[in-house]
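Residue 36 in the working numbering sits at position 43 of the sequence shown; the count goes up by one each step and never skips. Where a beta carbon is used, it is the ideal one built from N, C-alpha and C, also for glycine.
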Amino acid sequence: VFTAVCLPFSAYCLWRFLFGRKRVNVLVACADDHLRNAITLRISDDGRGSDGDWPVRLTGGVMYKSRFGWEEYCFLELASFPHRFPDFCERTNVIIFVIDSSQSVEDQKDSLELFQPVVNYEALKS
């Protein structure tokens, strides 16, 4: 039996415990749940059946395994503020952040607020 305590840092601690220094290749963040889920379904293998222990549900996100050709990648859908997970963002190759222009002005401001703290990560500079 596994008992989880939901604290703001629990996703980070669980990540470090389960995956050590494994690299997250793609990170998706979006204030709109429907858009984020649509992107996840397009990229992940989740729609084609799970592979053992995948997807891995974390507090604040879900990690998937994706295959493109012979290559295998880790894909993290983040349902929280990206700057709360600096270790995720710093070791990510690609960050996909979505701001939908058809959202209300308030939702767009929320999206920009999510995005602002992560603009200094290496994946966004290149």
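Alpha-carbon to alpha-carbon, residue j and residue i
i, j, result
"Glu65", "Gln101", "33 Å"
"Ser59", "Asp103", "29 Å"
"Phe90", "Ala72", "11 Å"
"Asp21", "Gly53", "The residue you asked about is not Asp; residue 21 is Val in the sequence shown. In a straight line, the C-alpha of Val21 is about 12 Å away from that of Gly53."
"Glu99", "Cys67", "32 Å"
"Trp47", "Thr33", "14 Å"
"Asp26", "Thr85", "21 Å"
"Cys23", "Arg29", "6 Å"
Counted within 10 angstroms of its Cβ, other Cβ atoms place residue i as buried (16 or more) or exposed
i, result
"Leu105", "exposed"
"His70", "The sequence given here places Glu at residue 70; His does not occur at that position. Its Cβ being crowded by 16 or more others within 10 Å, Glu70 is buried."
"Arg50", "exposed"
"Arg35", "exposed"
Endpoints, the alpha helix (DSSP H) within which residue i is located
i, result
"Lys31", "Residue identity check: residue 31 is Ala in the sequence provided, not Lys. Here the alpha helix (DSSP H) through Ala31 covers Asp26 to Ile36."
Cutoff 7 Å: residue i Cβ touching any chain C Cβ
i, result
"Asp26", "No chain C appears in this structure, which consists of one protein chain only."
Bounding residues of the beta strand (DSSP E) (the contiguous stretch that carries residue i)
i, result
"Ala22", "Val19 to Cys23"
Residue nearest to residue i in terms of C-alpha spacing, selected from the options
i, options, result
"Val19", "Met56, Asp25, Glu99 and Asn30", "Met56"
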